[in-house]
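First up is the structure itself, then whatever we jot down about it.
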Amino acid sequence: MKNRVIIVGGGAAGMVAAIVAARKNAQVWMLEHNDKVGKKILVTGNGRCNLTNERMDSSFFRSDTPFFVKEVLKQFSYMETKQFFEELGVVLKSRFGYCYPASEQASAVLDVLRMELEHQNVNIVLGTHVNKIRKKKKFIVEAGSGNFEAEKVIIATGSKAAPKQGSDGSGYELLHSFGHRMIPPVPALVQIRCKENFLKQWAGIRTDGKISVFVDGRLEASDQGELQLTDYGVSGIPVFQVSRYAAKALERRLPVTIQLDFLPEKEIWEVGKFLDSRYKMRMDKTLEEGLIGLFPKKLIPILLKQANLSGRGFWKKLSAKEKSQLALILKQFPLSVTGVNSFEQAQVCAGGADLSQFDPYTMESRLVKGLYAAGEILDVDGMCGGYNLQWAWSTGAIAGYAAGGEKI
Numbered sequence: 001m002k003n004r005v006i007i008v009g010g011g012a013a014g015m016v017a018a019i020v021a022a023r024k025n026a027q028v029w030m031l032e033h034n035d036k037v038g039k040k041i042l043v044t045g046n047g048r049c050n051l052t053n054e055r056m057d058s059s060f061f062r063s064d065t066p067f068f069v070k071e072v073l074k075q076f077s078y079m080e081t082k083q084f085f086e087e088l089g090v091v092l093k094s095r096f097g098y099c100y101p102a103s104e105q106a107s108a109v110l111d112v113l114r115m116e117l118e119h120q121n122v123n124i125v126l127g128t129h130v131n132k133i134r135k136k137k138k139f140i141v142e143a144g145s146g147n148f149e150a151e152k153v154i155i156a157t158g159s160k161a162a163p164k165q166g167s168d169g170s171g172y173e174l175l176h177s178f179g180h181r182m183i184p185p186v187p188a189l190v191q192i193r194c195k196e197n198f199l200k201q202w203a204g205i206r207t208d209g210k211i212s213v214f215v216d217g218r219l220e221a222s223d224q225g226e227l228q229l230t231d232y233g234v235s236g237i238p239v240f241q242v243s244r245y246a247a248k249a250l251e252r253r254l255p256v257t258i259q260l261d262f263l264p265e266k267e268i269w270e271v272g273k274f275l276d277s278r279y280k281m282r283m284d285k286t287l288e289e290g291l292i293g294l295f296p297k298k299l300i301p302i303l304l305k306q307a308n309l310s311g312r313g314f315w316k317k318l319s320a321k322e323k324s325q326l327a328l329i330l331k332q333f334p335l336s337v338t339g340v341n342s343f344e345q346a347q348v349c350a351g352g353a354d355l356s357q358f359d360p361y362t363m364e365s366r367l368v369k370g371l372y373a374a375g376e377i378l379d380v381d382g383m384c385g386g387y388n389l390q391w392a393w394s395t396g397a398i399a400g401y402a403a404g405g406e407k408i
């Protein structure tokens with residue numbers, strides 16, 4: 001008699017888990033509360049699906065248990081993901097290490113996964129919400145469409161991020177009901193909100209720079225790239241990369257500030273000399289005129305005002321203290337953080353099921369035999385660049401193998 005496995009959740013992790021378990025000759029049922037599986041995949045990578053990255057190690061993931069991430073990646077990482085999808089028919093192409101399907105269509109990734117689910121005879125029940133899971137001799141999964149029994153259950157319901165794609169955080173309660181500890185989830189890979197009164201003036205500006213997050217005065221994280229200045233604060237990939245640190249600190253009610261560096265390629269001691277040389281080339285230019293061509297024009301009045309300088313003034317008439325103040329503002333532009341955008345705007349969550357209560361070699365619960373978890377529901381969040389999907393593929397595959405009867 002076949003081992004029966006129930007997958008709760010039909011996202012990236014759930015689909016891979018179902019495919020792998022079915023290949024191991026398990027009878028697999030997938031319960032998904034959306035009307036289709038894999039909806040979130042369609043919006044990843046701006047519709048192109050950045051499904052993995054050639055640069056793959058645990059440093060690109062954030063967790064309170066880094067050892068766990070290392071052990072997962074040892075078993076199923078970039079090469080295994082590449083092989084898995086190429087066997088399904090998706091040829092990967094790399095752009096600076098970021099890997100996409102050659103068609104640059106996220107729908108291609110979802111299509112081949114759906115085809116393989118069908119080929120492996122996975123039973124998919126759509127539009128059904130799992131309300132409760134109990135365990136006697138077997139697991140009894142109580143869902144809107146009825147009760148299901150199985151020897152093994154894999155929870156792959158995702159996090160609370162992007163609820164429009166069906167992520168409602170319901171899996172947290174399912175695991176909690178078995179005694180699993182939840183680290184409070186907060187939005188990650190998300191925009192940061194600030195309180196300054198000039199934000200509407202710089203809305204729409206895009207400029208290269210560096211963002212640094214300070215928690216209670218201590219540097220917590222920084223990243224560099226194109227910044228997007230908005231009417232509520234800051235956005236852009238570098239902001240996303242550091243946002244989880246701001247969100248987690250705010251959840252603990254700690255003070256958070258950020259600094260923007262608009263000349264990240266220069267040390268602070270170089271900036272004064274650089275400006276002096278720049279203004280000496282055209283002594284007739286005002287402070288504002290002399291910064292045109294260096295920064296977006298819309299940004300310049302804000303930079304000067306924050307340095308308490310008039311745009312109509314001249315560099316040669318500034319005191320040494322005023323020159324230093326301008327250089328400091330260009331390198332350490334301060335902003336007070338009031339929050340991050342909501343789960344609706346977040347790509348992933350920071351937080352989730354405590355990894356110490358799971359086995360990294362099988363994804364099985366250390367508390368309940370036969371219960372597994374995979375994907376975003378676990379307390380791991382990756383950086384932008386295909387890392388969060390890689391976590392889904394890796395943990396889904398490991399859980400699928402183990403639930404199907406063997407380790408990778």
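Residue numbering for the sequence shown follows UniProt numbering, beginning at 1 and increasing consecutively. Yeah, the Cβ is synthetic: ideal placement off N, Cα and C, and Gly gets one too. All values derive from a computational prediction rather than experimental measurement.
In this chain, the beta strand (DSSP E) harbouring Lys210 covers Ile205 to Val215. Of the residues Lys164, Lys135, Lys160 and Ala162, the one whose Cα lies closest to the Cα of Ala150 is Lys135. For the pair Ser356 and Met383, the Cα-to-Cα distance works out to about 22 Å. Arg244 sits in a helix when the DSSP states are folded into three classes. Pairing Gly396 with Val16 gives a Cβ-Cβ distance under 8 Å. Distances from the CA of Lys200 to each of Val141, Leu299, Pro185 and Gly10 were compared; the closest alpha carbon is that of Leu299. Separation of Thr52 and Val368 (C-alpha to C-alpha, rounded to the nearest whole angstrom) is 31 Å. Residue range Tyr387 to Gly404 is occupied by the alpha helix (DSSP H) that includes Asn388. When only Cα atoms are considered, Gln325 and Phe198 end up about 19 Å apart. Between Met363 and Ala402, the C-beta spacing is below 8 Å. Cys194 is bridged by DSSP to Val337.
In the DSSP assignment, Ile140 falls within the beta strand (DSSP E) that extends over Phe139 to Ala143.
Counting of Cβ neighbours within 10 angstroms places Ile7 among the buried residues, the total reaching 16 or more. Just so you know, the alpha carbons of Val153 and Phe358 end up roughly 14 Å apart. For Met182, the three-state secondary structure derived from DSSP is strand. Counted as a single uninterrupted DSSP element, the stretch harbouring Asp231 is not any alpha helix (DSSP H), since DSSP gives it neither H nor E.
The beta carbon of Tyr372 is closer than 6 Å to those of Ile154, Met363, Glu364, Ala399 and Ala403 in its chain, skipping five residues each way along the sequence. Leaving aside the five residues that flank Ala26 on each side, the residues in its chain whose CB is nearer than 8 Å to its CB run, in chain order, Lys2, Asn3, Arg4, Val5, Lys152, Ala403, Gly404 and Gly405. When DSSP states are grouped into helix, strand and coil, Gly38 belongs to the coil group. Membership of Glu267 in any alpha helix (DSSP H) is not indicated, and neither H nor E is assigned to it by DSSP. Cβ-Cβ distances below 6 Å link Lys195 to Ser336 and Thr338 in the same chain, with the five nearest sequence neighbours on each side left out; the list follows chain order. In the structure shown, the three-state DSSP call for Met30 is strand. The C-alpha of Thr128 lies about 53 Å from the C-alpha of Lys331. Spatial neighbours of Tyr98 in its own chain (CB-CB distance under 7 Å, excluding positions within 5 residues in sequence) are listed in chain order as Asn50, Asn53, Gly385 and Gly386. Note that the C-beta distance between Val340 and Val190 is below 8 Å.
A residue is called buried once 16 or more other Cβ atoms fall within 10 Å of its Cβ, and Asn388 is buried on that count. Residue nearest to Leu250 within the set Met283, His180, Glu226 and Val215 is Val215 (criterion: CA-CA distance). Buried is the label assigned to Met56, since at least 16 other Cβ atoms lie within 10 Å of its Cβ. For Ile7, DSSP records a beta bridge to Met30 and Ile154. If the five residues before and after Met182 are omitted, its C-beta is found closer than 8 Å to the C-beta atoms of Tyr172, Leu175, His176, Gly351, Gly352, Ala353 and Asp354, all from its own chain and listed in chain order. Out of Val213, Glu288, Leu294 and Tyr245, the CA that lies nearest to the CA of Phe333 is found in Val213. About 7 Å separates the beta carbons of Trp29 and Val125, which is inside the 8 Å limit, making them a contact pair. A distance below 6 Å between beta-carbons, with the five flanking residues on each side excluded, links Pro360 to the following residues of its chain, in chain order: Phe68, Glu71 and Val72. Closest in C-alpha terms to Thr286, from the list Gly272, Pro301, Phe274 and Pro66, comes Pro301. Here Gly169 carries a coil assignment [DSSP, helix/strand/coil]. Of the candidates Leu275, Glu220 and Ile41, the residue whose Cα lies closest to the Cα of Asp111 is Ile41.
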